[in-house]
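Per this note's numbering, the sequence shown starts with residue 120, numbered consecutively.
Glycine included, each C-beta is placed from N, C-alpha and C at the ideal position.
No experiment lies behind these values; they were computed from the predicted model shown.
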Amino acid sequence: MQKTLLFIITLFFITCDSPNVSNNSENMSWIFVANEGDLGASNGSISMIDDDGNVSETHALGEIVQSVEVYNDKLIVLINGGQNQSPEDSKIKIFDITSNGLNMPGIEIFTDNSSPREMAIIEGMLYFTNWNTQDIKIFNLFNYTIESSIPVDGLPEDIIIDNNNLWVTINMNSDWSSGNKIVKIDVNTNTVSEIIEVEDGPLELTKYDGDIYISRTYYDENWNASQGISSIKNGNVMNKNYGSGGACGGSILNYNNHVYRSFEGGIVPVDSDLNLDLGSKIGNFENEIYHAEIIENNIWFALTDKEDYNEIKVVDLNGNEVATYSVGKFPGDFAIWTQDSN
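See the structure below:
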């Protein structure tokens with residue numbers, strides 16, 4: 120593949136004098152939390168939770184820390200640049216992970232104002248979605264180069280792996296109106312193999328029993344949010360709308376042999392007709408669920424009041440709270456590292 124020459128790549132290599140961000144104990148695992156930070160403040164960070172539940176936080180990493188992923192003993196961080204949108208604001212940061220924490224300052228790769236969002240990794244290749252450039256870029260994790268890109272029509276958001284395919288949501292069109300497409304990409308050829316239309320606002324994706332489920336969040340002319348869900352089963356599309364709801368809510372999970380969607384302060388199981396079973400909701404939080412994810416068979420809720428309240432609540436299958444952590448501003452994505460998995 121031809122290497123793209125439009126990207127500025129700057130590497131800051133770790134030296135023996137680089138500090139760890141951690142407490143000073145050795146840990147078998149770390150949970151990393153992407154804290155987006157305030158819009159325009161460039162104060163996005165990573166919170167780190169150790170084996171004993173202690174929380175530490177990195178220094179400010181940039182404008183809107185969007186997503187995190189662990190690959191072997193490295194933490195990969197996408198920073199989308201927010202409203203500043205200069206070439207140095209959109210970037211990838213990569214840190215070595217040890218039992219003591221993150222080795223700083225890490226490596227920084229500029230993506231030339233692409234506004235990266237979400238990512239998936241296949242055999243050492245990082246595929247990540249980008250709003251400004253409206254594409255999925257392919258980053259080689261062995262030589263740290265962006266090798267090529269796959270253009271799409273609109274602003275791509277979530278991305279998941281399904282065998283030799285990637286599924287990508289197009290949450291908004293290029294004019295910022297609600298999008299309605301799911302893009303399927305063949306990773307053998309790195310080309311779009313299918314475009315599937317759903318209803319407005321496809322946001323997050325999950326797989327269950329061979330099918331694809333999509334949460335949807337879409338807006339009216341006054342930016343009031345509504346919620347919905349779609350599924351793709353054997354090529355057939357089903358849609359269901361749930362009406363108005365909190366902005367930014369849209370987590371969809373495969374948990375305990377059910378599909379769950381975040382809704383009204385918790386996660387709610389979805390039946391085969393995409394109806395919500397509100398009587399079986401897990402969690403009942405007053406503050407907005409900015410993100411929810413399954414880690415070690417518990418539900419991790421990232422909660423915020425968009426001001427001073429920013430907490431992680433960990434809840435088991437029975438709805439019991441098993442842990443609470445105070446983290447940085449606007450917590451979103453999670454990633455887990457364990458020693459025995461590397």
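Return the CA-CA distance between residue i and residue j, expressed in angstroms with no decimal places.
| i | j | result |
| --- | --- | --- |
| S218 | I455 | 13 Å |
| M223 | I213 | 10 Å |
| L158 | E182 | 7 Å |
| L130 | F453 | Any reading at L130 must be qualified, since the residue scores a pLDDT of 33, below 50, and its modelled position is unreliable; no value is offered. |
| F449 | N403 | 19 Å |
| V311 | D171 | 45 Å |
| L285 | M291 | 19 Å |
| S205 | S234 | 10 Å |
| S391 | N262 | 44 Å |
| D435 | E405 | 18 Å |
| D396 | E145 | 43 Å |
| I472 | T264 | Here the chain has residues from 120 to 461 only, and residue 472 is not among them. |
| N394 | E415 | 27 Å |
| G369 | S334 | 6 Å |
| I165 | E276 | 21 Å |
| I344 | D319 | The residue you asked about is not Ile; residue 344 is Ala in the sequence shown. Going by the C-alpha atoms only, they are around 11 Å apart. |
| S293 | M147 | 44 Å |
| E266 | F258 | 6 Å |
| N299 | E316 | 6 Å |
| D231 | E313 | 28 Å |
| V433 | H377 | 19 Å |
Between the options, which lies nearest to residue i when the distance is taken from Cα to Cα?
| i | options | result |
| --- | --- | --- |
| E340 | A442, S297, F449, Q346 | S297 |
| E407 | T288, E266, D424 | D424 |
| D254 | I241, S268, N262 | S268 |
| Q346 | S234, T336, E276 | T336 |
| E426 | V434, M147, V446 | V446 |
| N437 | S334, N343, I431, I386 | I386 |
| F382 | D208, Y374, N375, A411 | A411 |
| G200 | S349, L324, A179, V184 | V184 |
| G451 | I240, E318, L197 | L197 |
| K193 | D396, L245, T252 | L245 |
| A239 | N232, D231, N249 | N249 |
| S149 | G156, A160, N173 | Residue identity differs from the one stated: residue 149 is Trp in this sequence, not Ser. Per the Cα distances, N173. |
| F229 | G220, D208, E242, I216 | D208 |
| Y332 | N309, Y379, D215 | Y379 |
| N283 | I241, E316, A153 | I241 |
| L372 | G362, P388, E276, D319 | P388 |
| I351 | G368, Y374, T288, E155 | T288 |
| S487 | N376, W419, Y361 | Because residue 487 is not part of the residues shown, which for the chain are 120 to 461, the question remains open. |
| S186 | I168, D215, E155 | E155 |
| S363 | Y428, W342, H377, V189 | W342 |
| A179 | I168, E188, A153 | A153 |
| F247 | I304, I226, I314 | I304 |
Is residue i buried or exposed, if buried means 16 or more other CB atoms sit within 10 Å of its CB?
| i | result |
| --- | --- |
| I301 | buried |
| K122 | The predicted model places K122 with a pLDDT of 33, which falls under 50 and marks its position as unreliable, so this point remains unresolved. |
| E237 | buried |
| W295 | exposed |
| G163 | buried |
| K210 | buried |
| V306 | buried |
| L324 | buried |
| P321 | buried |
| Y444 | buried |
| S399 | exposed |
| P270 | exposed |
| D136 | Residue placement at D136 cannot be trusted, given a pLDDT of 35 that sits under 50; what the coordinates show is reported in the next sentence. Classification of D136: exposed, given that the 10 Å Cβ count is below 16. |
| V441 | exposed |
| I195 | buried |
| G329 | exposed |
| K256 | buried |
| D459 | exposed |
| Y104 | The structure shown does not extend to residue 104, since the chain is modelled only from 120 to 461, so the question has no answer here. |
| D431 | Checking the sequence, you will find Ile at residue 431 rather than Asp. Under this definition I431 is a buried residue. |
| N355 | exposed |
| A160 | exposed |
| T457 | exposed |
| T177 | buried |
| E188 | buried |
| I216 | buried |
| Y428 | exposed |
| T308 | exposed |
I'd like to confirm something about residue i: is its beta-carbon nearer than 6 Å to some heavy atom of the ligand MN, or not?
| i | result |
| --- | --- |
| I278 | In terms of ligand content, the structure shown is empty, and the ligand MN therefore cannot be addressed. |
Legend entry - Residue ranges of each beta strand (DSSP E) within the stretch 197–264, 3 or longer: The DSSP assignment places 210–217, 220–222, 226–229, 235–241, 244–249, 254–259 as complete runs of the beta strand (DSSP E) inside the stretch 197–264, in order along the chain (cut-off: 3 residues).
Inset, instruction - Note down, one range per segment and in chain order, each beta strand (DSSP E) of at least 3 residues found wholly within the stretch 413–445. - result: Those beta strand (DSSP E) runs which fall completely within the stretch 413–445 and span 3+ residues are 417–423, 429–434, 440–445.
Inset, instruction - At 3 residues or longer, and completely inside the stretch 308–335: list those beta strand (DSSP E) runs for me, N to C. - result: Taking 3 residues as the shortest admissible run, the stretch 308–335 contains the following complete beta strand (DSSP E) segments, listed from N- to C-terminal end: 310–316, 321–327.
Inset, instruction - Any chance you could list the beta strand (DSSP E) runs of at least 3 consecutive residues sitting entirely within the stretch 153–183, in chain order? - result: As far as the stretch 153–183 is concerned, its whole beta strand (DSSP E) runs of at least 3 residues are 164–168, 174–176.
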